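> I have a structure here, written as structure tokens, and I will follow up with some questions on it.
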């Protein structure tokens with residue numbers, strides 16, 4: 002897809018975190034510049050700018066109400082579906098302005114996938130139908146492509162071995178952890194460039210959580226991941242880069258600090274980050 | 076990242092994105108078309124409803140004046156007749172019916188919402204069957220019990236007989252709607268109260284019912300709205316009257332009866348009274364429905380803030 006709008010060179014302002022030293026825009030999956038989200042005129046997220054490096058895991062951490070999920074949902078235009086929601090600033094997928102006038106939200110969402118807090122496989126569909134649902138939604142009919150994508154995605158989601166013999170079974174026959182992995186497979190099957198994960202383990206038990214966390218590390222080669230998590234240990238385990246958000250005085254979420262996860266947790270540059278990651282509040 | 080492993084994925088990604096983009100326009104058109112069809116269906120479904128309402132308003136509004144609400148009916152040919160006795164009759168009949176049906180209905184709903192045993196399923200089935208029974212059947216039942224002459228019966232037409240019939244019609248509606256409302260109360264609230272040492276009855280009275288209140292109000296008002304419009308039970312019980320009757324032990328007039336009896340007359344004055352009464356009934360039901368919704372949302376909002 003080509004973007005007809007000319008792209009001005011991105012100014013590397015001081016609010017922009019540079020990750021891992023020198024990095025050209027070519028290596029960035031997404032860039033956020035002064036992104037704000039408001040619901041019916043009330044700001045929920047304000048002036049967030051950072052880069053999402055390609056084939057890395059970026060975690061968004063922060064206490065409840067800091068706007069993590071709101072910001073995440075701005076990245077594939079899920080707020081389009083909410084009346085009164087306004088996203089301002091600039092969000093780019095590669096060099097493509099995702100809120101640009103020529104952008105079709107449905108095509109964007111096939112390139113920026115999403116996994117939700119609770120496993121939500123389609124109950125009326127079989128495991129196979131769930132896995133290929135995104136492809137079918139996007140007009141793909143060719144059986145060989147569907148089969149190939151489904152198998153690849155189920156393998157990538159570490160689900161293939163346990164479901165290959167019962168692809169026609171209903172998705173509800175799977176355990177909670179398996180259902181969430183099916184949802185990951187479903188998102189992966191469309192081969193998105195970016196996968197957004199909104200607290201994907203918050204409704205799972207520790208062993209299912211561990212499987213998903215391992216999975217996230219394995220998926221990096223295939224897809225850029227942005228994950229929202231409440232759990233700081235999880236952020237340190239799965240992410241390369243971390244963005245810390247906090248609720249400002251007017252209850253709008255603000256970005257406090259962004260940087261390599263190791264640095265953010267060991268030597269944060271903001272005192273509030275230090276307090277949060279060391280469990281002094283939140 | 077090994078190039079070998081990534082290649083098929085990148086190739087597939089390119090192919091998928093190509094197909095998605097190529098079909099995007101067609102899919103979007105199809106989607107728009109689908110939305111259009113849904114909208115058209117909505118409009119078509121609303122046509123008879125809106126037409127009926129508009130017609131009732133146009134025909135009924137011209138009948139409304141002070142005398143219409145304050146005067147007693149007059150014989151055909153004598154102008155200035157009203158429906159005051161029918162308004163009184165309907166209010167008395169429906170208030171008694173609701174007052175009788177509400178405690179039993181909510182009590183049964185509370186029971187059903189907390190049990191899934193055999194008794195509960197029999198009760199639930201009975202309520203469903205009862206709500207499906209034609210009102211004429213309820214009417215003949217009420218007639219036999221309270222109107223026809225036998226020991227224990229009043230032996231004549233009366234308002235209470237009508238209340239009895241209409242209460243029976245309201246009952247299953249209240250039962251099932253309050254069961255749903257009470258089931259909507261999160262289990263954790265009951266558990267929290269039980270964990271504080273409350274008895275089950277206390278939990279129901281102090282926690283479950285107050286929490287379900289918005290839903291219960293809706294349940295009751297919907298049942299009243301339904302009951303207020305029933306006609307067949309009134310024909311067999313209240314029978315109608317030309318006089319003002321405040322005592323429910325006497326035959327009473329009621330709005331649906333006025334519509335039935337006047338609407339089929341050859342005199343334009345009487346037909347006009349029927350339209351005016353129809354509009355009155357529609358407005359009353361509208362007020363009940365909108366009112367119940369407003370009360371419910373206000374209660375919910377108060378609790379959220």
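Protein chains in written order, with the numbering used here: chain H, 2 to 283; chain S, 76 to 380.
Ideal Cβ positions, reconstructed from N, Cα and C, are used throughout, including at glycine.
Quick caveat: nothing in here was measured; it's all calculated off a predicted structure.
Around the Cβ of residue 10 of chain H, are there at least 16 other Cβ atoms within 10 angstroms (buried) or fewer (exposed)?
In the first chain, counting from the first residue as 1, residue 10 of chain H sits at position 9. A caution first: residue 10 of chain H carries a pLDDT of 44, below 50, which makes its placement in the model unreliable, though a value can still be read off. With fewer than 16 Cβ atoms within 10 Å of its Cβ, residue 10 of chain H is classed as exposed.
> Select from S:226, S:261 and S:210 the residue whose C-alpha is nearest the C-alpha of residue 240 of chain S.
Counting from one through the second chain, the residue named residue 240 of chain S turns up at place 165. The shortest Cα separation from residue 240 of chain S among S:226, S:261 and S:210 belongs to S:210.
> Contact criterion: CB-CB distance below 8 Å. Does residue 108 of chain H meet it with respect to chain S?
The residue you call residue 108 of chain H lines up with position 107 of the first chain. Yes - at least one Cβ of chain S is within 8 Å of the one on residue 108 of chain H.
> Once DSSP output is grouped into helix, strand and coil, what is the label at residue 90 of chain H?
By one-based count along the first chain, residue 90 of chain H stands at place 89. Looking at residue 90 of chain H - three-state DSSP - the assignment turns out to be strand.
> Mind listing the chain S neighbours of residue 58 of chain H? Cutoff is C-beta to C-beta under 9 Å, in chain order.
As a position in the first chain, residue 58 of chain H is number 57, starting the count at 1. Those within 9 Å of residue 58 of chain H in chain S number zero; the least Cβ separation is about 14 Å.
> Between which two residues does the alpha helix (DSSP H) containing residue 35 of chain H stretch?
For the purposes of this step, residue 35 of chain H is identified with residue 34 of the first chain, where counting begins at 1. Not the alpha helix (DSSP H): residue 35 of chain H falls in the beta strand (DSSP E), residues 29 to 40.
> Pick helix, strand or coil for residue 199 of chain H, following the three-state DSSP scheme.
Translated into positions along the first chain, residue 199 of chain H becomes position 198. In the structure shown, residue 199 of chain H sits in a strand (DSSP, three-state: E or B).
> Compare the Cα-Cα distances from residue 206 of chain S to each of S:223, S:229 and S:242 and report the closest residue.
Start at 1 with the first residue of the second chain, and residue 206 of chain S comes out as number 131. When each option's Cα is compared against that of residue 206 of chain S, the closest is S:242.
> So what's residue 260 of chain H in DSSP terms, helix, strand or just coil?
One-based indexing of the first chain puts residue 260 of chain H at position 259. Here residue 260 of chain H sits in strand by DSSP.
> Kindly indicate the opening and closing residues of the beta strand (DSSP E) around residue 47 of chain H.
Within the first chain, numbered from 1, the residue matching residue 47 of chain H stands at position 46. It spans 43 to 54 - the beta strand (DSSP E) in which residue 47 of chain H sits, taken as one unbroken run.
> Please say whether residue 315 of chain S and residue 332 of chain S have beta carbons closer to each other than 8 Å?
Walking along the second chain from the start, residue 332 of chain S turns up at place 257. Walking along the second chain from the start, residue 315 of chain S turns up at place 240. Yes, the pair counts as a contact, with Cβ atoms nearer than the cut-off.
> With the cut-off set at 8 Å, would you say residue 243 of chain H and residue 92 of chain H are in Cβ contact?
Indexing the first chain from 1 puts residue 243 of chain H at position 242. Indexing the first chain from 1 puts residue 92 of chain H at position 91. Going by C-beta atoms, residue 243 of chain H is not nearer than 8 Å to residue 92 of chain H.
> Work out the CA separation of residue 348 of chain S and residue 341 of chain S for me, nearest whole Å.
In the second chain, counting from the first residue as 1, residue 341 of chain S sits at position 266. In the second chain, counting from the first residue as 1, residue 348 of chain S sits at position 273. About 12 Å.
> Go through the segment 149 to 212 of chain S residue by residue and report every complete run of the alpha helix (DSSP H) that reaches 4 residues or more, in order.
159 to 189 and 193 to 207
> Contact criterion: CB-CB distance below 8 Å. Does residue 280 of chain S meet it with respect to chain H?
Position 205 of the second chain holds residue 280 of chain S. False, the Cβ-Cβ gap to chain H never drops below 8 Å.
> Establish whether the CB of residue 90 of chain S and some CB of chain H are separated by less than 8 Å.
Taking the second chain and counting its residues from 1, the one referred to as residue 90 of chain S is at position 15. At least one chain H Cβ lies under 8 Å of residue 90 of chain S.
> Leaving aside the five residues before and after residue 143 of chain S along the sequence, list all residues of the same chain whose C-beta is less than 7 Å from its C-beta, in chain order.
For the purposes of this step, residue 143 of chain S is identified with residue 68 of the second chain, where counting begins at 1. Result list for residue 143 of chain S: 157, 158 and 351, in chain order.
> In chain order, what residues of the segment 89 to 122 of chain S put their CB closer than 8 Å to some CB of chain H?
Sequence-ordered contacts of the segment 89 to 122 of chain S with chain H read 90, 91, 92, 94, 95, 96, 97, 98, 99, 101, 102 and 103 [C-beta pairs closer than 8 Å].
> Roughly how many angstroms separate the alpha carbons of residue 82 of chain S and residue 149 of chain H, rounded to a whole number?
To locate residue 82 of chain S, count along the second chain from 1; it is residue 7. To locate residue 149 of chain H, count along the first chain from 1; it is residue 148. Going from the Cα of residue 82 of chain S to the Cα of residue 149 of chain H covers about 14 Å.
> Drop a sphere of 10 angstroms on the beta-carbon of residue 177 of chain H, count the other beta-carbons inside from all chains shown, and report buried for 16 or more, exposed for fewer.
Walking along the first chain from the start, residue 177 of chain H turns up at place 176. The residue in question, residue 177 of chain H, is exposed, as its Cβ has fewer than 16 Cβ neighbours within 10 Å.
> Evaluate residue 282 of chain H with the Cβ neighbour count: other Cβ atoms within 10 Å of its Cβ, from every protein chain shown; 16 or more gives buried, anything less gives exposed.
Numbered from 1 along the first chain, position 281 holds the residue referred to as residue 282 of chain H. Looking at its Cβ environment, which holds fewer than 16 other Cβ atoms inside 10 Å, residue 282 of chain H is exposed.
> According to DSSP, which residues form a beta bridge with residue 231 of chain S?
Taking the first residue of the second chain as 1, we reach residue 231 of chain S at position 156. None; residue 231 of chain S has no bridge partner.
> Starting from residue 369 of chain S, trace the alpha helix (DSSP H) both ways and give me its first and last residue.
In the second chain, residue 369 of chain S corresponds to position 294, counting from 1. Run containing residue 369 of chain S: 343 to 379, per the alpha helix (DSSP H) assignment.
> Anyone know if the C-beta pair for residue 132 of chain H and residue 183 of chain H falls short of 8 Å?
Numbered from its first residue, the first chain carries residue 132 of chain H at position 131. Numbered from its first residue, the first chain carries residue 183 of chain H at position 182. Cβ atoms of residue 132 of chain H and residue 183 of chain H: closer than 8 Å.
> Three or more C-beta pairs closer than 8 Å, one from the segment 196 to 203 of chain H and one from the segment 218 to 232 of chain H: is that the case here?
yes
> Using a C-beta cutoff of 8 Å, does residue 203 of chain H count as contacting chain B?
Checking the listed chains, one finds no chain B in this structure; the protein chains it contains are H and S.
> Against residue 111 of chain H, what residues of chain S qualify as contacts under a CB-to-CB distance less than 8 Å, listed in chain order?
Mapped onto the first chain, residue 111 of chain H falls at position 110. Simply 91, 92 and 95.
> Taking residue 51 of chain H as the reference, which of H:127, H:236, H:265 and H:29 has the closest Cα?
Taking the first residue of the first chain as position 1, residue 51 of chain H is located at position 50. Among H:127, H:236, H:265 and H:29, the Cα nearest to that of residue 51 of chain H belongs to H:29.
> Might you give, ordered along the chain, the residues of its own chain that have their beta carbon closer than 7 Å to the beta carbon of residue 58 of chain H, omitting 5 neighbours on each side?
As a position in the first chain, residue 58 of chain H is number 57, starting the count at 1. Excluding sequence neighbours, residue 58 of chain H sits near 217, 221, 226, 228, 239, 240 and 241.
> Thinking C-beta only, is residue 290 of chain S closer than 8 Å to residue 245 of chain S?
Here residue 245 of chain S is taken as the residue at index 170 of the second chain, counted from 1. Here residue 290 of chain S is taken as the residue at index 215 of the second chain, counted from 1. Taking 8 Å as the Cβ cut-off, residue 245 of chain S and residue 290 of chain S do not qualify as a contacting pair.
> Nearest-angstrom Cα distance between residue 1 of chain H and residue 287 of chain S?
Because chain H spans 2 through 283 in this model, residue 1 of chain H falls outside it and cannot be assessed.
> Check for me: the beta strand (DSSP E) holding residue 115 of chain H runs from which residue to which?
Looking up residue 115 of chain H in the first chain gives position 114. For residue 115 of chain H, the enclosing beta strand (DSSP E) starts and ends at 113 to 116.
> If I'm right that residue 237 of chain S touches residue 313 of chain S with Cβ under 8 Å, what's the distance once you round it to whole angstroms?
On the second chain, position 162 is the one that residue 237 of chain S refers to. On the second chain, position 238 is the one that residue 313 of chain S refers to. Between residue 237 of chain S and residue 313 of chain S the beta-carbon gap is near 4 Å, inside 8 Å, which marks them as a contact.
> Over what stretch of residues does the beta strand (DSSP E) that includes residue 340 of chain S continue unbroken?
Working through the second chain from its first residue, we reach residue 340 of chain S at position 265. Unbroken run through residue 340 of chain S: none, as it is neither H nor E.
> Along chain H, in chain order, which residues have C-beta atoms closer than 9 Å to that of residue 87 of chain S?
Position 12 of the second chain, counting from 1, holds the residue named residue 87 of chain S. In chain order: 146, 149, 150, 153 and 192.
> Check the C-beta distance from residue 145 of chain S over to residue 329 of chain S and give it rounded, since I have them as a contact under 8 Å.
Looking up residue 145 of chain S in the second chain gives position 70. Looking up residue 329 of chain S in the second chain gives position 254. Incorrect: roughly 17 Å between the Cβ atoms, too far for contact.
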